[in-house]
Every structure is written in structure tokens, then in C-alpha cells.
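Residue numbers (my numbering): 92 to 503.
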């Protein structure tokens, strides 16, 4: 049984939402974050990446940086840029990209559900990345970036969502990247109870994106429990900010691989080795995407090739993933890439950047690129249900949830 409850959000004053809403903090490197934050003083990126407020050589993980994030939030509350919802609500958050929409419920999910694996993960987290967000959440006493959760679609929630979307939205704006964002409030008691009951009937909910934010929120909750030994379980720190999407609305894009050398092979030698493990078709200079599971396309020199692997079925939900097939049959045996998480010779390119980015990388700092067929949401569920973990960089979700539209305050 999942506990997904309404909350009193801190959110942008109407009219400022398009200026405040920002892409997640972790899609930027430090230079990009600084340049982006300078363009808009109200952008939430200034708070999510508070090192942008300091000299470039300042220690971005030092205490004054996190203190600055906290003070900026309090200042925006004081000057009215943010407002507090008067009563706990659910929210509807719709994102539309290239004419395709997905609509989620903004709510707070349970730390205990995470610990009990009712909320299931599919990847590990890195301690250094966790530590940054732990300090940010702890010092601000606020969760600022929602965790992207997925659940199996249910008609009862869909009906409420579609009904509410007939009303005028609270927010309706298009961000610089062309994504349209619309938000509605669900404040009616009968709808709140019905949605809560629907989620309480679910045995599993899945982390789609935001594993580090989730793990950090859970860690801060446990720190708060230690400092509040008489806690009841109802305190806000026992819950974390989430947007929950039905599985049938989600789109996972490809997450592609580029390699910086051919591991001592000539292009001709590499092709000869590939022909022993897959069917290889030369597609010429025109970029081509994989059309089905078990198919990978490769860019080598100035040509694209279609690789089709055989005997890809497996009872192991991880081994049957296309990214695993490429790793097991090509990257490890032909390139000696044993651990793609640590090997400096491999890099990863999100599908949102297109095949043109793979061509650019091959003609600049890499030698060969592999374009993947996207992992499906069903494959993600199967891995998580088995209690297993995906290889790194298996999924790329678009569009990205914005930070700053909803903040969840927790007790100090």
C-alpha cells in the first residue's frame, strides 16, 4: 500500500512562474549553471545551484553556499515572489513537448514506502552527489526538486485529472526550450480522498528519474527523526516532493554511447569483428535510428551501420536490456570497457541531442558512436520488480520536470 498525500506547497506568485521555473540542477555543469542563472535573477537555478552567487573559484560545497540558498528562498518568501498554499492540496502538472503531453499528480510520497521498497528504484546512487543535495535540503529545510515517479495507470485518477483539466489552469506558460507547462489545483475534499485511496491500493510505485534527489530526501528525513525522537510519522520530513505519472503517458528516449578510441582496431578490423556477432548493414551517410529492440546503429568514420543482434531473449530483465546487450557483446569484449561508470574512454549522450550530436562527437573527440533503441517503461518496471539495477545511463526521460514550481517545506 502506497501513501501519497497532499501538501501545502510553497509556489511562485502567479505571473512569476515562467521566470522562476528552472530545469533541474543536475542538467548543467558549473559554467553552464552560472551563465544560465545570470540571465534571470528570479530563476530557481540561482537557489538550486547557489554557487552561482559566488566567485568562480569559490568552494561550491562549502557551508556559505548552502546558507545562501536558504536565505534566497526566505527572501523570495518575504518579498512575495513565493506564496504558501493555505491548505494541503494535490496539483496536476502537465508538460507538452512537440505536441505530446504527459500529466502527473504533484504530491508527497512516503520515506517509509521507499525503505519498504513499495517505491522501487532501478539504479544506484553516488555518495558525492547525494551529499550535495543532503546539505541543500537540510540547510533550506525544503525539498526543491521533485522526484519523477511512475505508476500503473488507473482509470479513477485519470477521470479526476481530465475533469480538472477542463478548468482554467493556475499556471500556463511555455519555457525557452518550447515545453508548455500547465498546473491545476485539486483542493476538493472528495477528490483528495479518492486520489489518496487510489494510491493506497497500489503495491508498487517506481522511481523513473531523480534517484539522487530521492535518496537525499530520505537521508534528511532520517536525520530529522534522530533529532526528533518523539516524531509521530506525520511530520513533513517523513515525505518527499514528487510528481507521479501514469505509465502509459511516459516517453523514454534513447541514451547513446560514444567511444574515444577503437581499442587498437582499424575501422575495417572493428567491422570484421562485429560481423561475427551481429548482422551488419552499411546504411551510408544518412543518419539512421534503431527501429526495434535488439538493433543498434553505429556511426564510424562517415558512415552509419545497422547492427542486429541474435538470441537476445533472456529471463534476466537486466541482461535482456539493449544497453546490456551492447555492453556484454561489444563494449566489453571488443573495447575492453569493463565498467562504463568509471572508464574514461566512454561517454553518454542523451537522445534529446539527436543523432547529429553523435556525428559531431565522432568528428571531434571520439571515434565511434552507438545509437540505442530506447528502454521501455515495461523493462524499467521489470528490473525494479526483480530488485535489480540497470546499467548506468539506461534511460533518458523527456520532458524534464521544472524546479521551483513546487517547494515542500520540512520541519527543522
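For every residue, glycine included, the Cβ atom is placed at its ideal position computed from N, Cα and C.
- Item | Straight-line gap, residue 345 to residue 320 (C-alpha atoms, nearest Å) | Along the chain shown, read from residue 1 onward, the residue named residue 345 stands at position 254. Along the chain shown, read from residue 1 onward, the residue named residue 320 stands at position 229. Going from the Cα of residue 345 to the Cα of residue 320 covers about 45 angstroms.
- Alpha carbon of residue 195 to alpha carbon of residue 187, nearest angstrom: If you number the chain shown from 1, residue 195 lands on position 104. If you number the chain shown from 1, residue 187 lands on position 96. The straight-line gap from Cα to Cα measures roughly 12 angstroms.
- Item | Between the CA atoms of residue 217 and residue 248 - distance to the nearest angstrom | What you label residue 248 is simply residue 157 of the chain shown in a count that begins at 1. What you label residue 217 is simply residue 126 of the chain shown in a count that begins at 1. For residue 248 and residue 217, the distance between alpha carbons rounds to 34 angstroms.
- Length at least 3, wholly inside the stretch 174-234: the beta strand (DSSP E) runs in chain order: 181-188 and 191-201
- Item | residue 394 versus residue 458: straight-line alpha-carbon distance, rounded | As a first step, residue 394 must be located in the chain shown, where it is residue number 303. As a first step, residue 458 must be located in the chain shown, where it is residue number 367. For residue 394 and residue 458, the distance between alpha carbons rounds to 12 angstroms.
- With a CB to CB cut of under 7 angstroms and the five nearest residues on each side skipped, what residues in its chain are close to residue 273? Position 182 of the chain shown, counted from the first residue, corresponds to residue 273. Contacts found: 185, 260, 262 and 263.
- Candidates 277, 382, 348 and 241, of which the one nearest residue 432 by Cα: Within the chain shown, numbered from 1, the residue matching residue 432 stands at position 341. That would be 348, whose Cα lies nearest to the Cα of residue 432.
- Query: Would you call residue 327 buried or exposed, if buried means 16 or more other Cβ atoms sit within 10 Å of its Cβ?
  - Reply: Your numbering for residue 327 matches position 236 in the chain shown. Classification of residue 327: buried, given that the 10 Å Cβ count is 16 or more.
- Report the three-state DSSP secondary structure of residue 400 (helix, strand or coil). As a position in the chain shown, residue 400 is number 309, starting the count at 1. Correct three-state label for residue 400: strand.
- Task: Assign residue 130 to buried or exposed, taking buried as 16 or more other Cβ atoms, counted over all protein chains shown, within 10 Å of its Cβ.
- Result: As a first step, residue 130 is located in the chain shown; it is residue number 39 there, counting from the start. With fewer than 16 Cβ atoms within 10 Å of its Cβ, residue 130 is classed as exposed.
- Give me the Cα-Cα distance between residue 138 and residue 265, rounded to the nearest whole angstrom. Taking the chain shown and counting its residues from 1, the one referred to as residue 138 is at position 47. Taking the chain shown and counting its residues from 1, the one referred to as residue 265 is at position 174. In a straight line, the C-alpha of residue 138 is about 21 angstroms away from that of residue 265.
- Query: Run through DSSP, which three-state label would residue 441 get?
  - Reply: Locating residue 441 in the chain shown gives position 350, where the first residue counts as 1. The answer is strand: DSSP assigns residue 441 an E or B state.
- Query: Among the residues of its own chain, which have a CB less than 6 angstroms from the CB of residue 142, if the five just before and after it don't count?
  - Reply: Counting from 1 along the chain shown, the entry for residue 142 is found at position 51. Excluding sequence neighbours, residue 142 sits near 151 and 156.
- Residue range of the beta strand (DSSP E) that includes residue 386: If you number the chain shown from 1, residue 386 lands on position 295. Its beta strand (DSSP E) spans residues 386-391.
- Item | From 126, 213, 104 and 462, residue whose alpha carbon lies closest to that of residue 379 | Counting from one through the chain shown, the residue named residue 379 turns up at place 288. The candidate whose alpha carbon is nearest that of residue 379 is 462.
- 4-residue-minimum alpha helix (DSSP H) runs that sit fully inside the stretch 290-318, ordered along the chain: 302-318
- Message: With H, G and I counted as helix, E and B as strand and the rest as coil, what does DSSP make of residue 157?
- Response: As a working mapping, residue 157 is identified with position 66 in the chain shown. Reduced to three states, the DSSP call for residue 157 is helix.
- Query: Can you tell me whether DSSP reads residue 152 as helix, strand or coil?
  - Reply: Within the chain shown, the letter at position 61 stands for residue 152. Coil at residue 152, not helix or strand.
- Message: Suppose the cutoff is 6 angstroms on Cβ atoms and the five residues either side in sequence are ignored; what does the same chain contact list for residue 221 look like?
- Response: Along the chain shown, one-based indexing puts residue 221 at 130. 303, 306 and 307, listed in sequence order.
- From residue 162 to residue 271, what does the alpha carbon distance come to, in whole angstroms? As a first step, residue 162 must be located in the chain shown, where it is residue number 71. As a first step, residue 271 must be located in the chain shown, where it is residue number 180. Answer to the nearest angstrom: the Cα atoms are 30 angstroms apart.
- Message: Beta-carbon within less than 6 angstroms of residue 448's beta-carbon, same chain only, minus the 5 sequence neighbours each way: which residues are those?
- Response: Against the chain shown, residue 448 aligns to sequence position 357. The answer, listed in chain order, is 440.
- Message: Taking a contact to mean a Cβ-Cβ separation below 9 angstroms, would you say residue 298 touches residue 240 in this structure?
- Response: Start at 1 with the first residue of the chain shown, and residue 298 comes out as number 207. Start at 1 with the first residue of the chain shown, and residue 240 comes out as number 149. Yes, the pair counts as a contact, with Cβ atoms nearer than the cut-off.
- Query: DSSP beta-bridge partners for residue 327?
  - Reply: Walking along the chain shown from the start, residue 327 turns up at place 236. Answer is none; residue 327 lacks a bridge partner.
- Message: Between the alpha carbons of residue 353 and residue 446, how many angstroms are there, rounded?
- Response: For the purposes of this step, residue 353 is identified with residue 262 of the chain shown, where counting begins at 1. For the purposes of this step, residue 446 is identified with residue 355 of the chain shown, where counting begins at 1. Rounded to whole angstroms, residue 353 to residue 446 spans 20 angstroms at the Cα level.
- Query: Based on the DSSP output, what are the partners of residue 274 in its beta bridges?
  - Reply: Looking up residue 274 in the chain shown gives position 183. DSSP, once it has assigned bridges, lists 184 and 262 as partnering residue 274.
- Message: On the DSSP bridge list, what partners appear for residue 239?
- Response: As a position in the chain shown, residue 239 is number 148, starting the count at 1. According to DSSP, residue 239 bridges with 300 and 334.
- Query: Which one of 404, 392 and 385 has the shortest CA to CA distance from residue 398?
  - Reply: On the chain shown, residue 398 is found 307 positions in, with the first residue counted as 1. The option with the nearest alpha carbon to residue 398 is 385.
- Determine, using beta carbons only, whether residue 311 and residue 501 come nearer to each other than 9 angstroms. Translated into positions along the chain shown, residue 311 becomes position 220. Translated into positions along the chain shown, residue 501 becomes position 410. Against a cut-off of 9 angstroms, the Cβ pair of residue 501 and residue 311 comes out as a contact.
- With DSSP collapsed to three states, give me the class of residue 462. Translated into positions along the chain shown, residue 462 becomes position 371. The answer is strand: DSSP assigns residue 462 an E or B state.
- Message: Suppose you measure from the CA of residue 281 to the CA of residue 410; what does that come to, to the nearest Å?
- Response: The residue you call residue 281 lines up with position 190 of the chain shown. The residue you call residue 410 lines up with position 319 of the chain shown. Approximately 45 angstroms between the Cα atoms of the pair.
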